[in-house]
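Before any comments, here is the structure.
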Amino acid sequence: MAVMFSPALASADSVLQQYSVFTSGDLTANSHVNYNTWVGGNLTGSANSVFAMNAFTGTYGLTVAGTVSGTNIQVNNGKSVAITSAPPAGTFLLNGGGGQVVPTAGLAAQTTAMTTELVNNSAAFAALATNQAALSAGGVFTVNAATAVNGVAVFSIDGSVLSNSQYQNGFQIAGDYASVGSIIINVTGGTSVSSNYNFIGAWSNVDRSKVLWNFENATSLTLNNNFYGTILAMKADVTQGSVSIDSNVFAKSLNFNGEIHGPLYTGFVPTSGAVPEPSSMVMSATALAAALGFARRRVRSRV
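Mapping the sequence shown onto the numbering used here, position 205 (from 1) lands on 207, and the numbers just tick up by one.
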């Protein structure tokens, strides 16, 4: 049975609203991320890897819970790096003045808590009742503000649509997209999904900070075209070709060869009791809760 959650935006504590890239596992970086990044596993990079490409409020541009392979990985705009153990000299190139590499305890435990939150977010998005018309034969998402619930427009498509040659001319958007607060697209179907076609027409006019694609069941996601909106795929290994993502990525792992532009997600996040705070899910001991709270205060001063 579909459940309609409160349309109130989540607090600033929502992981979805704090990061441009989050992986519970490994990240291989071959291009740049405009804003802040959290790597729950290991980071592989090079001089072509650039984090915090754009200026934003906050101390840290990159957090790595695991190890780092590579040299001259760039972190710009005076942002610092939080990492479990200090890496070898020459691993990072801190640009803009003021940035530091800060060994930080508790990052693995914090990654677990944040991952659980995001997995629960994904399940809650998937449980939202679809309130928008099906994608048209011509590949048009038509937003109807009158049927959106409290400003949240919810679509549902099968993942195979994204690689169906019927839509090789691209996907379009029409209707009341400027009048709604969030556009949620739940992607169902198989576990292996490829996105092969571009977003064209009025998509360039949509506020991409309020668009979210929820791939709840995907375990593999390949992006072969420029993509528009935040990607939530916490079970998936995501491969991004030499194409741009005009928003953010939350995934199990990510290998990216194109730019990730942001901006940070500002749309609807489910806030009902079905999506508890991380503390009620993984912090059963008082001492652990205190430790995680201390770690989060040290690394969360980002955006």
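Note that beta-carbon positions come from the ideal geometry of N, C-alpha and C, so glycine has one too.
One question on the structure: do residue i and residue j come within less than 8 Å of each other, judged by their Cβ atoms?
i	j	result
G172	N207	no
A155	N133	yes
N226	V195	no
T86	T106	yes
L256	L29	yes
G161	G191	yes
G43	T25	yes
K381	G63	This structure cannot speak to residue 381, because the chain is shown only from 3 to 305.
N79	H263	no
K254	G98	no
S51	E261	no
I think residue i touches residue j, with their Cβ atoms under 8 Å apart; what is that distance to the nearest whole Å?
i	j	result
T193	N219	6 Å
V83	A67	Wrong, their Cβ atoms sit about 12 Å apart, outside the cutoff.
Q174	A139	Their Cβ separation, rounded to whole angstroms, is 12 Å, which puts Q174 and A139 out of contact at 8 Å.
F252	L234	5 Å
L120	V17	6 Å
For residue i, count neighbouring Cβ atoms within 10 angstroms of its own Cβ and tell me buried if that reaches 16, exposed if not.
i	result
N216	buried
G141	buried
Q19	buried
N166	exposed
S282	Reliability fails at S282, whose pLDDT of 31 lies under 50, so the model's placement of it is uncertain and no value is given.
A276	At A276 the pLDDT is 35, less than 50, meaning the model places this residue with poor confidence; the figure from the coordinates comes in the next sentence. Under this definition A276 is an exposed residue.
P90	exposed
P278	Confidence at P278 is low in this model, with a pLDDT of 29, below 50, so its placement is unreliable and no value can be given for it.
S274	Low per-residue confidence applies at S274: pLDDT is 42, beneath 50, and the placement is therefore not dependable enough to give any value.
Q112	buried
N152	exposed
A54	buried
T118	buried
Nearest to residue i by CA position, among the options, is which residue?
i	options	result
F94	S87, T86 and V103	V103
G100	V77, D209 and F157	V77
G72	A128, A180 and A49	A49
K212	A110, S184 and F127	S184
V145	L164, A180, N152 and A253	A180
V163	A150, T232 and N198	N198
G92	V70, D178, A135 and D160	V70
S124	L214, S22 and E261	L214
N74	V17, K254, A31 and I262	A31
S158	N152, A148 and F127	F127
A88	L266, T65, T114 and G269	T65
M116	I186, L223, Y21 and A238	Y21
A150	Y169, I186, G80 and A129	I186
K237	S222, M55, S33 and N250	S222
P265	A57, D239, A129 and G177	A57
D209	E261, Y169, G269 and T224	G269
A147	S33, T114, Q170 and A176	A176
Q170	I202, V182 and D178	I202
V271	L45, D239, D178 and A129	A129
Can you tell me where the beta strand (DSSP E) holding residue i begins and where it ends?
i	result
F127	Premise fails: F127 lies in the alpha helix (DSSP H), L109 to A128, not in any beta strand (DSSP E).
W40	T39 to V41
N257	V251 to F258
A371	Because the chain in this structure spans residues 3 to 305, residue 371 falls outside the shown range and cannot be described.
A31	L29 to A31
Q134	First-last for Q134: undefined, no H or E at that position.
S197	S194 to S197
Q174	Q174 to G177
A235	T232 to Q242
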